[in-house]
Amino acid sequence: MCNSKPLINIIFLCTLFYSAKLAAQDSTAKSTRDSTEVNVQQKGKYAFVLYAGGGMFSYLSSVGSSSGGTGINSAIMRHHGIGTFRVMWHPDHRLRIGLESGYTNFYSYELKNGNKTGTVSLTAIPILFVWSMAITKRLNVFAGVGSYFMTTHLHYDSKVTSGALGLGFNVSVNYIQPVSSKFGIGAEIKWTEATQTRDYGLSAHLMLEWKFFEW
Amino acid sequence: MRMIFIIAIVCLFSSCKKEYKAPVPAYDNWDAFTAAGPLTLSTPSRTAMEGVYKLTDGAGVFGDSVAVKWNYVITGADTTWHLSVFCGKDIAYLICEGKRSGGDILLNGYWRKMVSVETGIVRLKITAAQGADLVRTNGAVGPGSIVISGVFGNGQAVPAMPIGFVYDRKLYNKGPFQILAHRAGGRTSDLLPASENSIAMIRKTPEFGSTGIETDVRLTSDGIPILYHDNTLNLRETQKSGLLGPIENYSYEQLSTFVRLVHGEKIPTLREALNAVVYQTGLQFVWLDTKYSGSLQVIRDLQKEYLQKAAAAGRTLNIVIGLPTTDARDHFLALPDFTAAPNLCELSLEDVDKTNAEIWAPRFTLGIQNDEVAKVHAAGRQAFVWTLDVPDLVQQYLRDGHFDGILTNYPSNTAFYYYVQQ
Amino acid sequence: MPRRYHIILVFAITFLNNGGSAVQAQDSLPESKHAAIVFPYPMYREKWRSSIGFSLLTTPEDITEEVRVRVPAIDFRVLRRLNNHLIAAGRINAQILQNQLLLGLYWIQPLSSKLFFSVGNNIGYWFGFLTTEGFNSRARGWLSYPHASLGYRTKRDLLITLQAQVSVNLAYKAFNGKEELSSGRVFYNGETFTIAIEQPFYHHKHVTLALSAINNYFFWQTWSLFYRVDRKIFYPQITVGFIL
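Protein chains in written order, with my numbering: chain A, -17 to 197; chain B, 7 to 428; chain C, 1263 to 1506.
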């Protein structure tokens, strides 16, 4: 059930994040108060921030069955474009919340049955509640849970468009370089998983950040 | 310090979701059985061999007593007989095929516990002196006259642990009682060797002790009635194909081409299922649970057709249209010949009268309801209860209730508690 | 382990590897009052701590089928100081049709200025009722939840807690109509691992975020769907709480 390959990846990722940490600033001024105390007054700036971007998604799960049956194993197209749209509320601490949506095509394939050919593609629109935390000034991690609106597009004899709602989550890390006081541009790596349908994959995005409201 | 936490998190997620499987072990490598000849027993001989047996070995694993019963399945011109042994502990059962070796009867098969995923191979023998001759010659069977003994093992291991049971008395049989298998045999989560609501499951279900089946009927977009339980295509019932959403959105051709059930079978049509019941099994009852909203005419037409075919084939078979909702009831009442259509109503007793139902079938969560069942019996109808799985509840409902049938995901469990009654 | 879950570890790991931050946090003495409900901070100077929030879990589709229990449960917790190390705890998980009340005792021991440990036990009483169409059912039971927690206080304002808990079923009683099914059999019911982070959220409000991996034979929230099987069932659960 549990094999060594994921463990190797975990160790690699740990190393990555330790390196990121070493590259970051780390102030350790000592005092008698910390912000876990109940009566610490801290009020900074609040902001609404929009993240928008697009990139390439790579589907990593499996489709069909190894025991054959429908014969769809060898015909999967796994790489498609992906779009992400996220609105976050930045309060005066590190933890942020927001909503995320977007669009992705998980996979598509073609199936031949005698002299007939059919095509299937599965797309998804996520609606996720997202938490995020700034690890450094420019490196942010996001985790979202919620639902995926999954849509089947089938073309065989007739066209069928059929939808289903499923639970899922995503986890992403982005690096945003500010270009002005309100805008930033960067890159994001995201793991997307529609848990209920066991569809998952990794994507890389170019991201735009826009701090559109501050108070 | 952070590394300690990282290691701890790894441990946390290493206790992750476990995938359970209960594959039927390969039991076809018993040389003596392979070399043995066919076992031909008359129907009276098989019936005489059926009964309640006391365990002399293996009671710690299978319980103190078992119920032994023959069943068959037909494939083309061949009839395959299985001897099923229903146990009192952990919803265990043994399923064996028989052959003759000289004067002895050899029984080869596997066992399974439904409460877990334990399974293994079993090899049994009835020697000539300890019942085989008696059975073959249709002699008088009494306590101690048939001794079945052998070995069983775990998983694929060669069996080596002793198991034995001795004939004690006949099976309880005080009137017709239906042991109905939910979804033709059991659910996907029960880890059976066939998918729920499949032809393979219909053919397997007599081995589990079922005398009848309940199955779920839906319509495709082109009006073909099929067997499928859930509202949508999902990974609980099917292999991943990319087709999602309500099954009614797809035609039968599309489903047949793109979709496979979890064990690789196609989704069967109702016609294929009834054909299998009539011509390939000895099942006596089919409950068609109508899961869609719409006209029931196509179901009614198939019901009539297969009741006639069963009668023509000399089969004892009842096929009822199940009415689980008021919507199904209303569509049933819209049938021009509803008064002549055998049906089973899950709703109130007033609805049972309205639809002229043969059977009232309340959910077990409403209790034993002996007063209501008595009213149903007084009107010349029957009462079934669903879906009863907990062994203590099955015992309780058999002991204290007056139902004429139980729908269950564990027909072997109900079979055991029914047949061992005295 | 499904490979995708190691990505979840990335998420967890990043919370542990807090590098430079825009918020300049400062150290403090543990004798201060602290906004922590899961983290095993001793309550030297407080009498009460409490939080309100919700928990949300999903159930495995192959067992509960199309019923995935997505209704969140209200989660109210309260801690009462007994002495410098001993704390009495109460918790209510409310889901209307089924609810659980827990009472327990924790012993908290600081191991260093950053590392804190607690051990304790909660006794839970749950009850449920379902009297809609086709159901005339009630059930109730008792469970014991011994647990141990290890908390790490980072240099910043982040508190991380790892908790290991086991569940022991003490009693179960169910009614279907007039029929009663009861069991006094005490059995080991499974284990739960939780990782929680607590930190300020906005102004001086603090929030608890927890992710739990529940592996149980019987889980009180699914009492009406099935009793128990001899296989552990995995329930991932998230908990969000606002410390009052």
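Don't be surprised by glycine CBs; every beta carbon is placed ideally from N, CA and C. Remember, predicted model here, so these are calculated numbers, not experimental data.
Proximal residues to residue i (C-beta, below 8 angstroms), its chain only, five neighbours per side dropped
i         : result
Ser129/A  : Pro108, Ile109, Leu110, Leu147, Gly148, Leu149, Gly150
Ala229/A  : Absent from the structure is residue 229/A, since the part of chain A shown begins at -17 and ends at 197.
Gly170/B  : Leu61, Thr62, Asp63, Gly64, Val153, Ile154, Ser155, Gly156
Gln1286/C : Bear in mind that the predicted position of Gln1286/C carries a pLDDT of just 30, short of 50, making it unreliable; the figure below should be weighed with that in mind. So the list is empty, once near-sequence residues are dropped.
Proximity winner among the options, relative to residue i (alpha-carbon distances)
i         : options                                    : result
Tyr1434/C : Ile1457/C, Ser1406/C, Ala1458/C, Ala1426/C : Ser1406/C
Tyr41/A   : Ile64/A, Ala29/A, Tyr28/A                  : Ile64/A
Leu249/B  : Val102/A, Val112/A, Leu81/A                : Val102/A
Thr1484/C : Thr1321/C, Tyr1450/C, Ser1444/C            : Thr1321/C
Pro44/B   : Lys75/B, Ala73/B, Asn114/B                 : Asn114/B
Gln402/B  : Ala389/B, Lys315/B, Val292/B, Phe370/B     : Phe370/B
Asp70/B   : Ile327/B, Tyr173/B, Ile132/B, Leu323/B     : Tyr173/B
Ala42/B   : Gly94/B, Ala54/B, Ile111/B                 : Ile111/B
Asn210/B  : Leu225/B, His188/B, Ser227/B               : Position check: residue 210/B holds Lys in this sequence, whereas Asn was assumed. Measuring from the Cα of Lys210/B, the nearest candidate turns out to be His188/B.
His75/B   : Ser262/B, Thr85/B, Gln428/B, Cys93/B       : Before going on, a small fix: residue 75/B reads as Lys here, not His. The residue with the shortest Cα to Cα distance from Lys75/B is Cys93/B.
Ala1475/C : Leu1363/C, Ser1486/C, His1465/C, Lys1494/C : Lys1494/C
Nearest-angstrom beta carbon gap, residue j and residue i [assumed within contact, 8 angstroms]
i         : j         : result
Leu339/B  : Lys360/B  : 7 angstroms
Pro231/B  : Ile305/B  : 6 angstroms
Asp1337/C : Gly1315/C : 5 angstroms
Ser154/A  : Phe124/A  : 5 angstroms
Gly100/A  : Thr263/B  : 7 angstroms
Ala176/A  : Met38/A   : Contact doesn't hold; Cβ gap of about 18 angstroms is too wide.
7 angstroms CB neighbourhood of residue i in its chain, flanking five on each side removed
i         : result
Ser13/A   : Because the pLDDT at Ser13/A is just 38, under 50, the model does not fix this residue reliably, and the value given afterwards should be weighed accordingly. Contacts found: none.
Tyr116/B  : Val30, Pro31, Tyr33, Ile101, Thr125, Gly126, Ile127, Val128
Asp139/A  : none
Asn1346/C : Pro1304, Tyr1306
Ser257/B  : Thr226, Ser227, Asp228
Val265/B  : Leu239, Thr244, Ser247, Leu249, Ile273
Val268/B  : Thr194, Ser201, Glu243, Thr244, Gln245
Val1329/C : Leu1487
Residue i versus residue j: straight-line alpha-carbon distance, rounded
i         : j         : result
Arg1311/C : Gln1357/C : 23 angstroms
Tyr33/A   : Glu191/A  : 5 angstroms
Ala163/B  : Asn35/B   : 11 angstroms
Phe194/A  : Thr1416/C : 32 angstroms
Pro168/B  : Thr238/B  : 47 angstroms
Asn1461/C : Thr1470/C : The question names Asn, yet the displayed sequence has Gln at residue 1461/C. Distance between the alpha carbons of Gln1461/C and Thr1470/C is about 7 angstroms.
Thr296/B  : Met120/B  : 28 angstroms
Pro1334/C : Val1502/C : 10 angstroms
Ala347/B  : Tyr424/B  : 30 angstroms
Asn415/B  : Ile219/B  : 10 angstroms
Asn1384/C : Lys1467/C : 27 angstroms
Asn179/B  : Gly57/B   : 11 angstroms
Leu289/B  : Glu213/B  : 11 angstroms
Ser1375/C : Gly145/A  : 54 angstroms
Gln245/B  : Val45/A   : 8 angstroms
Arg52/B   : Lys176/B  : 12 angstroms
Phe1397/C : His337/B  : 24 angstroms
Arg106/B  : Asn1477/C : 48 angstroms
Gly181/B  : Phe1449/C : 40 angstroms
Phe1504/C : Arg76/A   : 16 angstroms
Leu1367/C : Asn1355/C : 18 angstroms
Leu1506/C : Trp1404/C : 28 angstroms
Thr86/B   : Thr46/B   : 11 angstroms
Gly66/B   : Lys27/B   : 24 angstroms
Leu233/B  : Arg193/B  : 13 angstroms
Met55/B   : Asn160/B  : 27 angstroms
Cutoff 6 angstroms; reference residue i; Cβ partners in own chain excluding five residues on either side
i         : result
Pro199/B  : Val30
Leu1473/C : Ile1457, Ile1500
Asp95/B   : According to the sequence provided, residue 95/B is Lys. The question's Asp does not apply to it. Hits under 6 angstroms: Phe68, Gly69.
Thr105/A  : Asn87, Thr133
For this session: Note down, in chain order, all residues in the region 1396 to 1419 of chain C with a beta-carbon under 8 angstroms from any beta-carbon belonging to chain B.
Result: Gly1396, Phe1397, Asn1398, Ser1399, Leu1412, Tyr1414
Exercise. Relative to chain A, which residues along the region 1449 to 1477 of chain C have a C-beta separation below 8 angstroms, given in chain order?
Worked result: Glu1460, Gln1461, Pro1462, Phe1463, Tyr1464, His1465, His1466, His1468, Val1469, Leu1471
For this session: Would you list, in chain order, the members of the region 358 to 382 of chain B that have their beta-carbon closer than 8 angstroms to a beta-carbon of chain A?
Result: none
For this session: Output, in sequence order along the chain, the residues in the region 225 to 241 of chain B whose CB is closer than 9 angstroms to any CB in chain C.
Result: His235, Asp236, Asn237, Thr238, Asn240, Leu241
For this session: Can you give me, in chain order, the residues of the region 247 to 274 of chain B that have a beta carbon less than 8 angstroms from any beta carbon in chain A?
Result: Ser247, Gly248, Leu249, Leu250, Gly251, Pro252, Asn255, Tyr256, Ser257, Glu259, Gln260, Thr263, Phe264, Val265, Arg266, Gly270
Problem set entry | Where the region 284 to 312 of chain B meets chain A: residues whose CB sits under 8 angstroms from a CB there | none
Problem set entry | Residues within the region 24 to 56 of chain B neighbouring chain C, beta-carbon criterion of under 8 angstroms | Lys24, Tyr26
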